[in-house]
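Note that the numbering used here has the sequence shown beginning at 1, numbered continuously upward.
Virtual Cβ for every residue (Gly too), placed ideally from N, Cα, C.
Below is one structure, written out as structure tokens; comments come after it.
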Amino acid sequence: MCGIVGYIGHKNAYPILIKGLKRLEYRGYDSAGVALISEEGNLNVYKAKGKVADLEAHCQEKDITGYAGIAHTRWATHGEPSSANAHPHYSASGRLALIHNGIIENYLTLKENLISRGFTFKSDTDTEVLVQLIEHIMLSNSLPLLEAVQVALHQVIGAYAIAILDREHPDTVICARQSSPLVVGLGSDNEFYLASDTSPIAEYTDKVVFLNEGDIAVLQLGKKLQVVNMDNVKQHPKVKQIDVTLGQLEKGGYPYFMLKEIFEQPDCLRNCMRGRINVDADRITLSAVIDYRKRLIEARRFIIVACGTSWHAGLIGKQLIENLCRIPVEVEYASEFRYCNPVIYPDDVVIAISQSGETADTLAAINLAHEAGAFVFGICNAIGASIPRQTQTGVYIHVGPEIGVASTKAFTGQVTVLSMLALCLAAERKTISAEQYKQMVSELTKVPEKMEEALKINKQIEKLAPIFTYAKNCLYLGRGYNYPVALEGALKLKEISYIHAEGYPAAEMKHGPIALIDSEMPVFVIATRDKLYEKVISNIQEVRARGGRVTALVTKGDEQIRKLADHVIELPDTLECFQPLVASIPLQLLAYHIAVCKGKDVDRPRNLAKSVTVE
Ligand code: F6R
1 MCGIVGYIGH KNAYPILIKG LKRLEYRGYD SAGVALISEE GNLNVYKAKG KVADLEAHCQ
61 EKDITGYAGI AHTRWATHGE PSSANAHPHY SASGRLALIH NGIIENYLTL KENLISRGFT
121 FKSDTDTEVL VQLIEHIMLS NSLPLLEAVQ VALHQVIGAY AIAILDREHP DTVICARQSS
181 PLVVGLGSDN EFYLASDTSP IAEYTDKVVF LNEGDIAVLQ LGKKLQVVNM DNVKQHPKVK
241 QIDVTLGQLE KGGYPYFMLK EIFEQPDCLR NCMRGRINVD ADRITLSAVI DYRKRLIEAR
301 RFIIVACGTS WHAGLIGKQL IENLCRIPVE VEYASEFRYC NPVIYPDDVV IAISQSGETA
361 DTLAAINLAH EAGAFVFGIC NAIGASIPRQ TQTGVYIHVG PEIGVASTKA FTGQVTVLSM
421 LALCLAAERK TISAEQYKQM VSELTKVPEK MEEALKINKQ IEKLAPIFTY AKNCLYLGRG
481 YNYPVALEGA LKLKEISYIH AEGYPAAEMK HGPIALIDSE MPVFVIATRD KLYEKVISNI
541 QEVRARGGRV TALVTKGDEQ IRKLADHVIE LPDTLECFQP LVASIPLQLL AYHIAVCKGK
601 DVDRPRNLAK SVTVE
């Protein structure tokens, strides 16, 4: 939520900042702004309500140059989306400009205190409070900016990633983080980049420093990167090499990132399995399982914590781990788990699943697990993000940057890692036979090909989509492994087309939702051939009997359901437990095409942001 970019060096910062904001727009897009120190030494701020393109249009006629700059794309928390509430915010004298990602929880107390000293505010944001506070501390105590930042941050409760420009020191950008991500890029030519993630930096350098909790970094021209903490203790940042290609950050000819990412899935899963499943496809090796074998196989219980789509992947993980390994698994919304006084045993393993690796609730759930002495295992996509750094071990899904706000390839990547994990643990615990293991591993390696086959139905789905655009409500039904697929299909539709949709276990329909069914209500049923197939057919009959209109996802060659359903979408067959990987594809495509038909901005759905770094 909210994206931060910064640059200081010998190039004009403005185009770098605008390009960086576009790369970060998935994090928020209700307003944007940029601050630069001009050659004449002025600190200029330009802001606009709306997307980064609106900011660009606002700046078009102006001659904007500067070698030090910061920029921000906002997802509103305090104060409506407006130009006044957009960042950067000036300090009272106009000497400082600050951008912020996060929430200052005690901002009202700080604000009242400043008001009592005669300060006034131009915005409703918590961010303006922080910049006024920093300047007040700096001027009233004659402190250098760094010290003033340290004093101010000691007074702040909440989450932040901030960057500050000081008109009096145009050669320096100061930034700090606590519970919100911040990455510094080390350019080749005595220059620094700064961003919420590596996507705005990757084009210029592959050397980055992921700032740690409580770090304050000073980016000064002609000097080495200096990192201290709030008590001015010197930190020793590790420089990491990143491996992000420009192709991964661009649409590559697709109209939307979401469609590109849907189509990337077969290759993403190959990357996810590469080096983990050997060429003969009969053995899975996960270093996390080798390193922590005993801790994992002797776990009393697994607790999966996640949010949104990652939580849906967790529901599939529960079935995989319970079925294959016979270890009990609970799946919790991280946001509920953190406040429900959960029972956590020291011999529990807590699995945190997160695409971004920055979700505030999932991080809080991890902290709770650590406090209880449990072992914490992360399944993440974003390399170097907070969650992989705060877990004892884990597995990256390696599907590349996911930019479309609606998660697609991260979901199938997470399910793939959970499949590999369950198979590894089952082999260690000997809860499945060697033959079964071999057959399942081999089938898992064939899933990318089957996804490729499933993607061929894109045209069919594109043709089908217009008939659903009228719908006000849709129901998604599935059972067993396909129940989380139904939940995920419904979430995708809600997010990007704004059609209300519910996912339900098909048999639960009779206990309430069946009352909603009429000829206006499209019902999508995942009815692939598995052990509950006959039962799902009965559920379809129940819908039909009430005039419901059924679109069924079936296993290729299924003639029985073809006679019952209004529309069928055929899927290649695979093992029941891997069916979610294949069955998710038509549901992602369906949501995508319905949203496109409705003229929605698929990659930037209203009110949403990709990385939910506030609770
Ligand atoms: C849905 C979606 C969200 C995320 C959720 C968790 O398409 O993207 O529901 O899954 O916000 O995010 P991560 O996985 O980054 O923790």
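- Separation of the CB atoms of R276 and T285 is rounded to 6 Å, and the pair is thereby assigned contact status at 8 Å.
- Taken in chain order, the complete beta strand (DSSP E) segments of 3 or more residues contained in the stretch 170 to 252 are 172 to 178, 183 to 186, 192 to 195, 207 to 210, 216 to 220, 226 to 228.
- Here I162 is not near V151, since their CB atoms are 8 Å or more apart.
- By the Cβ test, the stretch 88 to 105 is in contact with the stretch 43 to 52, since at least three Cβ pairs between them sit closer than 8 Å.
- By the C-beta criterion, the stretch 441 to 455 is judged to be in contact with the stretch 415 to 425, since at least 3 inter-stretch pairs fall below 8 Å.
- At a Cβ-Cβ threshold of 8 Å, Q414 and I379 count as neighbours.
- A contact between stretches requires three or more CB pairs, one per stretch, nearer than 8 Å, and the stretch 494 to 513 fails this requirement with the stretch 547 to 567.
- Here N85 is buried. Its C-beta has 16 or more other C-beta atoms within 10 Å.
- The C-beta separation of I540 from I561 comes to about 7 Å, placing the pair in contact by the 8 Å criterion.
- For the options D573, I134, I16, the alpha carbon positioned closest to that of E203 is the one of I16.
- Boundaries of the beta strand (DSSP E) harbouring D166: 158 to 166, taken from the DSSP string.
- Around the beta-carbon of E191, 16 or more other beta-carbon atoms lie within 10 Å, marking it buried.
- In its own chain, leaving out the 5 sequence neighbours on each side, no residue places its CB closer than 8 Å to the CB of T109.
- In its chain, beyond the 5 residues on either side, A48 have a beta carbon closer than 6 Å to the beta carbon of D54.
- Taking non-hydrogen atoms of the ligand F6R into account, the C-beta of C307 is found less than 7 Å away from one of them.
- Taking the C-beta atoms as reference points, T528 is found nearer than 8 Å to N482.
- In this structure, G102 is the residue among T73, L96, G102 with its C-alpha nearest to the C-alpha of T613.
- L571 is a Cβ neighbour of L553, given a cutoff of 8 Å.
- Residue environment for G20: buried (at least 16 other C-beta atoms within 10 angstroms of its C-beta).
- Counting along the chain, G3 sits inside the beta strand (DSSP E) bounded by residues 3 to 8.
- For L96, there is no enclosing alpha helix (DSSP H); the residue is found in the beta strand (DSSP E) stretching over 96 to 104.
- When A176, G50, D231, L487 are compared, the shortest CA-CA separation from S196 is found for A176.
- DSSP links E502 through a beta bridge to L475.
- Nearest to I366 by alpha-carbon distance, out of S82, P328, A306, G400, is A306.
- T198 places its beta carbon 8 Å or farther from that of V184.
- Around the beta carbon of N341, fewer than 16 other beta carbons sit within 10 angstroms, so the residue counts as exposed.
- Note on geometry: alpha-carbon atoms of A364 and R338 lie some 6 Å from one another.
- In the DSSP annotation of this structure, the continuous segment of the alpha helix (DSSP H) that includes K535 starts and ends at 533 to 545.
- A straight line joining the alpha-carbon of V149 with that of E56 spans about 30 Å.
- For E495, the Cβ falls inside the 7 Å cut-off from some heavy atom of the ligand F6R.
- Secondary structure note for K294: it is in no beta strand (DSSP E), and the uninterrupted alpha helix (DSSP H) holding it is 293 to 297.
- With fewer than 16 other CB atoms across the displayed protein chains lying within 10 angstroms of its CB, D231 is exposed.
- With respect to the C-alpha of D347, the residue from A369, G357, V525, R326 having the closest C-alpha is A369.
- Relative to the ligand F6R, Q390 has its C-beta separated by 7 Å or more from all heavy atoms.
- For T205, same chain residues with a beta-carbon under 8 Å away, outside a window of 5 residues either side, are G185, L186, G187, S188, Y193 in chain order.
- Counting the other Cβ atoms within 10 Å of the Cβ of V156 gives 16 or more, which makes it buried.
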